[in-house]
Each structure stands twice: as structure tokens, then as C-alpha cells.
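Going down the list, the protein sequences come from chains A and B. Per the numbering used here, the very first residue in the first sequence carries number 1; after that it's consecutive. Per the numbering used here, the very first residue in the second sequence carries number 289; after that it's consecutive. Glycine is no exception: its CB is placed at the ideal position from the N, C-alpha and C atoms. Computed from a predicted model, the values in this text were never measured in an experiment.
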Amino acid sequence: MNEATPHSEGFGEFVGRAFGNRSFVIGLVIALVVAAMAAISFFWTPFDVTRLVVADRMQPPSAEHWFGTDHFGRDVLSMIMIGARNSIAVALVAVVIGMGIGVPLGCWAAARGGWVDEALMRFNDLVFAFPALLSAIMITAVFGPSAINAIIAIGIFNIPVFARVARAGALSIWPREYILAARAAGKNKSRITVEHILPNIANLLLVQGTIQFALGILAEAALSYVGLGTQPPMPSWGRMLFDAQTLMMVSPWLALFPGCAILITVLGLNLLGDGISDIFDPRSRRRP
Amino acid sequence: MTIYLLKRLLIGIATLIVASLVVFLMLEVVPGDPARLMLGMNTSDAQVDLLREQMGLNQPLILRYLDWIRGLLRLDFGKSYTYSVPVIDLIRERLVVSFPLAVISLTLSTLIAIPVGLFAAARRGKAGDTAAMAVAQVGVAMPNFWFALLLVYVFAVWLRLVPAGGFPGWGNGIWPALKALILPALALALPQAAILARVTRAALIEVLNEDYIRTARAKGMPMRAVLWRHALRNAMIPVLTIMGLQFAFLLAGTIIIENVFYLPGLGRLVFQAIIQRDLIVVESVVMLLVAAVVLVNLIVDLSYALVDPRLRARQ
Numbered sequence: 001m002n003e004a005t006p007h008s009e010g011f012g013e014f015v016g017r018a019f020g021n022r023s024f025v026i027g028l029v030i031a032l033v034v035a036a037m038a039a040i041s042f043f044w045t046p047f048d049v050t051r052l053v054v055a056d057r058m059q060p061p062s063a064e065h066w067f068g069t070d071h072f073g074r075d076v077l078s079m080i081m082i083g084a085r086n087s088i089a090v091a092l093v094a095v096v097i098g099m100g101i102g103v104p105l106g107c108w109a110a111a112r113g114g115w116v117d118e119a120l121m122r123f124n125d126l127v128f129a130f131p132a133l134l135s136a137i138m139i140t141a142v143f144g145p146s147a148i149n150a151i152i153a154i155g156i157f158n159i160p161v162f163a164r165v166a167r168a169g170a171l172s173i174w175p176r177e178y179i180l181a182a183r184a185a186g187k188n189k190s191r192i193t194v195e196h197i198l199p200n201i202a203n204l205l206l207v208q209g210t211i212q213f214a215l216g217i218l219a220e221a222a223l224s225y226v227g228l229g230t231q232p233p234m235p236s237w238g239r240m241l242f243d244a245q246t247l248m249m250v251s252p253w254l255a256l257f258p259g260c261a262i263l264i265t266v267l268g269l270n271l272l273g274d275g276i277s278d279i280f281d282p283r284s285r286r287r288p
Numbered sequence: 289m290t291i292y293l294l295k296r297l298l299i300g301i302a303t304l305i306v307a308s309l310v311v312f313l314m315l316e317v318v319p320g321d322p323a324r325l326m327l328g329m330n331t332s333d334a335q336v337d338l339l340r341e342q343m344g345l346n347q348p349l350i351l352r353y354l355d356w357i358r359g360l361l362r363l364d365f366g367k368s369y370t371y372s373v374p375v376i377d378l379i380r381e382r383l384v385v386s387f388p389l390a391v392i393s394l395t396l397s398t399l400i401a402i403p404v405g406l407f408a409a410a411r412r413g414k415a416g417d418t419a420a421m422a423v424a425q426v427g428v429a430m431p432n433f434w435f436a437l438l439l440v441y442v443f444a445v446w447l448r449l450v451p452a453g454g455f456p457g458w459g460n461g462i463w464p465a466l467k468a469l470i471l472p473a474l475a476l477a478l479p480q481a482a483i484l485a486r487v488t489r490a491a492l493i494e495v496l497n498e499d500y501i502r503t504a505r506a507k508g509m510p511m512r513a514v515l516w517r518h519a520l521r522n523a524m525i526p527v528l529t530i531m532g533l534q535f536a537f538l539l540a541g542t543i544i545i546e547n548v549f550y551l552p553g554l555g556r557l558v559f560q561a562i563i564q565r566d567l568i569v570v571e572s573v574v575m576l577l578v579a580a581v582v583l584v585n586l587i588v589d590l591s592y593a594l595v596d597p598r599l600r601a602r603q
């Protein structure tokens, strides 16, 4: 057996290699911390963010309020925890929409070829020509600003991305010998796609999924910042930055912490994506 | 090559047609009657209906669409509902802010990204490369509006070097206007430069593995010359592709950034128009932006032929 091929590797070795990858480990830790913060916020936050304590307003970071308080006296750390929940929900559902529609389309294009393929790819080019954020702003403005409409707006622009990745991945798998064998065994194209193509492009989709997840968090923050995403009083990172802008002279920390939360989360997801793609790419293993 | 460009041109036109349909239909379903919006809530139904007739709102959908397209082609976009001036005048007066902003950002981002990419690729795996790519990694993850806020805090609030927002207009001299644009341009450019630097580095590393690079090195050509003369030129195709894609992001970014800095540009115009349901302004500006993206991507396709003689020769 040749040890250089990924298939001959045992599961233990694979896990060992994954945890030897610096990007993957750092990214995973950040992602888990943010996810944990969001999960904990469902039943516990340091302070109740629905209660406005005017006496406590705009306090700098202290032992009691680690990240300070805002102009309503709400605890910034608690708001960031709940904001994490929002960002994750919006970005995750947008990725699910993109994958759920994009991957079947891409696989179909690759399996069918011909005019279906051509039409789908031209349609992809078309969506790419639309400035995504502008269209998202239009969608949320037309159908009313809300987290749900933000999800749909971001999700629509994930579709062509996943379609493109799935198609490119599937096209590289179709000429393989084991696919030929499967066809000779009488399996039809959709069965081959489900049984052989999808498992082999899953890593590509996972990497793209992390990237789109990160982009979704950035887009949600931008939409909420201009007032078209998550609506107050529900805390969201983008909205917190908008509120902080006018108060920046007096309390700069209000702009500091939500921004850091976005930056670190997106950075973690990007590192995770880089890490996963390194782990699965056999070429990168030959690199010293 | 000619066939290739013709094909791209046709795709560009098709994109514009479909975009116009999407934009038109989407704004058709917006709740709220523009005629009533213009006249206010206290007017009678008869008055509203008269205005609807004058504005052509009572015509069938398809006729209104064709009218709109005919207007677009003649740069006659109609009249804004809220400002009661021709939309083209609004666009013209906002373009003098947004266009320089886009050009400065694109220039800044290229001037930063290409040298950083070259620097990192030449020192692949060494400390300089690792440091540059770590900074780029952070830049990619940075939300541009937050970066804008940080810039305002440091350079406007703290150091008082530039204004925190607003635009004095070009009439009061070039310097004050440029000073108002420099922070927004930086906020737009740096996150894009981070992406572009990563792409440039990756493309260069790919090219540096080629045989002709080894030949050039073997005949004694210094690394610097190899990088600039051979590698960069051959790495330009992916770099140009990303720059083309980034232009669309740049336009969308201006909407957010112009809001941060209270700049009276196209982005702020379209954003306010959306909020005020000034549909005709929204339609016109969105179409203009999509047209700009299509045009830039055509220029990118053309420039492939300029950088790569092999593409020019191919029929």
C-alpha cells in the first residue's frame, strides 16, 4: 500500500494530522468558543439585557461589567453573547439555503452537461454581476427589515457559489475509473451522484461552507449596521456598532468589543476553512 | 479572441437585461403607492389618481417597463419622487463623490496589495511571509465599517488630522475634498488589499514553480528582476479576475462606508431612496451600478488579452 494516498490512511492518523495543523486548531477553538458563548446565552448571561438600568449607563469596563455598559445601562458582554447567537443563526441558515439549492444544481449541471450546464453557469455569471450587498439591501428594504429577510438575501447569493464549487468538484470526479465501474454496474446518474460524487466533494463543500459562513456573518453585521438586519431591542453586533458610533467620543469601548467579536469570529472561521482544506489536500502534505 | 470577446459582450448585455427585469419587478411589488407618497396622506383619491395618470403609473406593466428602458438608454431616468428633480441630476451631483472614492480605493488597494504579494511570495515560508500573511488574514476578517470607525477614532477624534465625516465639495479646493475622502478610501481599500495580496502571493508562487523561472534564475537573473519581469506578468490573470470581482464589492461597500462618513455619494443616495421608497432613484442607481460592474468585467476580459499574448493569438 502506498502511504501517500489519502485513502490508505487510518482514522487515527487522520485525526492526528488534523490536530497537527495550526490553522485548523486555532480556527476550531475560536469557533467552539463563539458557539459556546451563543449556546450559554440561551439560559444564562452575566446580566439581563432586557432590563435598562439608567444609573449604570455608559460605564467603562470593570470587574463587574467586563466590557462596560451601553447608553441604556445594558451589559455589553451579555449583548455580545446574545449577538453571537443572532450572527450564527443568520449565517448558518444562509449557508444551508445556499448549499441546499446550489449543490444539487451544480451536481445536476455536472452530470447532465450540455445546455443545462451552459444555462446554469451563465445564470451564475449573472448573479455574480449583481453587487451582492446592494441586492441584499434592496431585498431587505423592499420586504421590510428583519433577520429573516437578511437570511434570505444572504442565502440567495450563496446559491451560485455552492453551485460553482459542486460543479467543478463533480466534473473532476466523473472521469474517474470507479465511476465508470459504477456506471457499468448499471447505476444511474443520480444514484452515482449521491453514492460516489457527493462523498468525494464533501471536503470542498465543507471548506466553502466555512468561508460562506464567515462572509454571512460579515454581511449580517453590515445589514444590521445600516438598520436592515436584526431589529432592536434584539442585540446584534452590527447594530451595537451603529449605536456606538455617535457615542465614540465618550465611550470608545462600545465600538471596540462588538467589532472585535466580529473580527475574531470571522478570523476563526477563515482559519478553520484554511485548515480543513490543508488537511484534505494531499498536495499540501508534501509541503515541509 | 474576437469570438471570445464577443461572447463576453453578449453575456454582459444579457446580464443587463435580466438585471433590469429583476430590479423593475422587485420594486413593482413594494408596498406603497408612489403617487400618494409624493402628495402626502391628506390628499383626495382623485388627486392621487390624476398624478398616477401623469406619471404613467396606470399603464400596463410591460409598457411601463419598455418606457423605463427607453429612458435609461437616453440617460433620461425620470424625476425623483422625493426631490422632484431629474434623477440624472441627482446622480451627476453624487457621482463627483463616489467616483473619486472608488478610484482612490482601487488605486490604494492595488498599490498596497501587489508589493505585499511580491514581498511574501519572494520570502515564501520565511518570517516576512508569515507576518505579512497573518496581517492579511486579519484584514480579510475585518468588517470595513468597523475599520472605518477605528480610523475615525484615531485620525479624526484623537489626532484631529482629518474631518470625521461630511464632504466640503470640490469647489472649496481639492485638498479639503481629498482630506474628506482619504479615510473612507482607506476603510474600503485595506480589507480588499488583504484579499488581493493573498491572491497575488498564491498566483506568484504557482508561477515561480515554472521551468522558465528556473531558467531565468539559472542564467543569473536577480530574483527581483525575475519577480517583476517574468513572474508578476504571468500571475496577472488571477489577480485581474479578483480585481474585477472586487469592484462589485467596492460599489456595495461604498453604500455602507458613505453612511459611516455621511458622504453625499451614490451609496447614500440609493440607501436614502430605499428608505423613502423613492423607487425611480433606486432603480436608476442600481442599474447604473450593475452596468458599471458589467463594464469593469468586460475591461478585465479585454485586459487578459493585453497581459497574455497567448490569448491574443488564439482564435
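- prompt: Looking at Val574 of chain B and Leu528 of chain B, is the spacing between their C-beta atoms short of 7 Å?
  reply: no
query: Under 8 Å Cβ-Cβ, which residues of chain B neighbour Leu263 of chain A?
result: Val426, Ala429, Met430, Pro431 and Trp434
- prompt: Considering only residues of the same chain and omitting the five flanking positions on each side of Arg458 of chain B, which have a CB-CB separation below 8 Å?
  reply: Strictly speaking, residue 458 of chain B in this sequence is Trp, with Arg absent from that position. Val384 and Ala465.
- request: Within 10 angstroms of the Cβ of Phe67 of chain A, are there 16 or more other Cβ atoms? Answer buried if so, exposed if not.
  value: Under this definition Phe67 of chain A is a buried residue.
Within 7 Å, strictly: CB atoms of Gly238 of chain A and Gly229 of chain A: yes
field: Integer Cβ distance of Ser397 of chain B from Ala490 of chain B, believed to fall under 8 Å
entry: 17 Å between Cβ atoms; not a contact.
- request: Compute the Euclidean distance between the alpha carbons of Pro258 of chain A and Leu315 of chain B, then round it to the nearest angstrom.
  value: Whole-angstrom Cα-Cα distance: 34 Å.
task: Report, in whole angstroms, the separation of the C-beta atoms of Leu492 of chain B and Ala409 of chain B, which I expect to be a contact under 8 Å.
output: 4 Å
field: Distance between Phe43 of chain A and Val450 of chain B (C-alpha atoms, nearest Å)
entry: About 46 Å.
field: Endpoints, alpha helix (DSSP H) assigned at Ala58 of chain A
entry: In the sequence as displayed, the identity of residue 58 of chain A is Met instead of Ala. No alpha helix (DSSP H) contains Met58 of chain A, which DSSP labels as neither H nor E.
message: Pop quiz: Arg352 of chain B and Gly359 of chain B are said to be a contact at Cβ under 8 Å. What is the actual Cβ separation, rounded to whole angstroms?
response: In fact, because the Cβ distance is near 10 Å, the residues do not count as touching under 8 Å.
field: Leu309 of chain B classed as buried or exposed, judged by whether at least 16 other C-beta atoms fall within 10 angstroms
entry: exposed
- prompt: Taking Cβ-Cβ distances below 9 Å as the criterion, which residues of the region 300–314 of chain B are in contact with chain A?
  reply: Gly300, Ala302, Thr303, Leu304, Val306, Ala307, Val310, Val311 and Met314
- prompt: Applying the criterion that 16 or more other CB atoms from any shown protein chain within 10 Å of the CB defines a buried residue, is Glu341 of chain B buried or exposed?
  reply: Counting Cβ neighbours within 10 Å, Glu341 of chain B comes out exposed, since fewer than 16 surround it.
- request: Say whether chain A places a C-beta atom closer than 7 Å to the C-beta of Tyr441 of chain B.
  value: yes
message: Between Leu577 of chain B and chain A, is any beta-carbon pair separated by less than 7 Å?
response: yes
Ala221 of chain A: contacting residues in chain B (beta-carbon distance under 7 Å): Pro431
message: By the three-class DSSP mapping on this structure, what secondary structure does Thr290 of chain B have?
response: helix
- request: Please decide whether Val495 of chain B counts as near chain D, where near means a Cβ-Cβ distance under 7 Å.
  value: No chain D is part of this structure, whose protein chains are labelled A and B.
CB-CB length for Leu557 of chain B against Leu378 of chain B, believed under 8 Å: 6 Å
message: Helix, strand or coil, according to DSSP, for Lys367 of chain B in the structure here?
response: Three-state DSSP puts Lys367 of chain B in a strand.
field: Residue of A:Pro131, A:Ile137, A:Met138 and A:Val103 minimising C-alpha distance to Met121 of chain A
entry: A:Val103
- prompt: Which partner residues of Thr69 of chain A appear in the DSSP bridge assignment?
  reply: According to DSSP, Thr69 of chain A bridges with A:Asp75.
task: Can you check the region 385–444 of chain B for any alpha helix (DSSP H) of at least 4 residues that lies completely inside it and give the ranges in chain order?
output: Taking 4 residues as the shortest admissible run, the region 385–444 of chain B contains the following complete alpha helix (DSSP H) segments, listed from N- to C-terminal end: 415–429 and 432–439.
- request: For Asp125 of chain A, return the contacting residues in chain B, with the cut-off set at a CB-CB distance below 8 Å.
  value: Ile299 and Thr303
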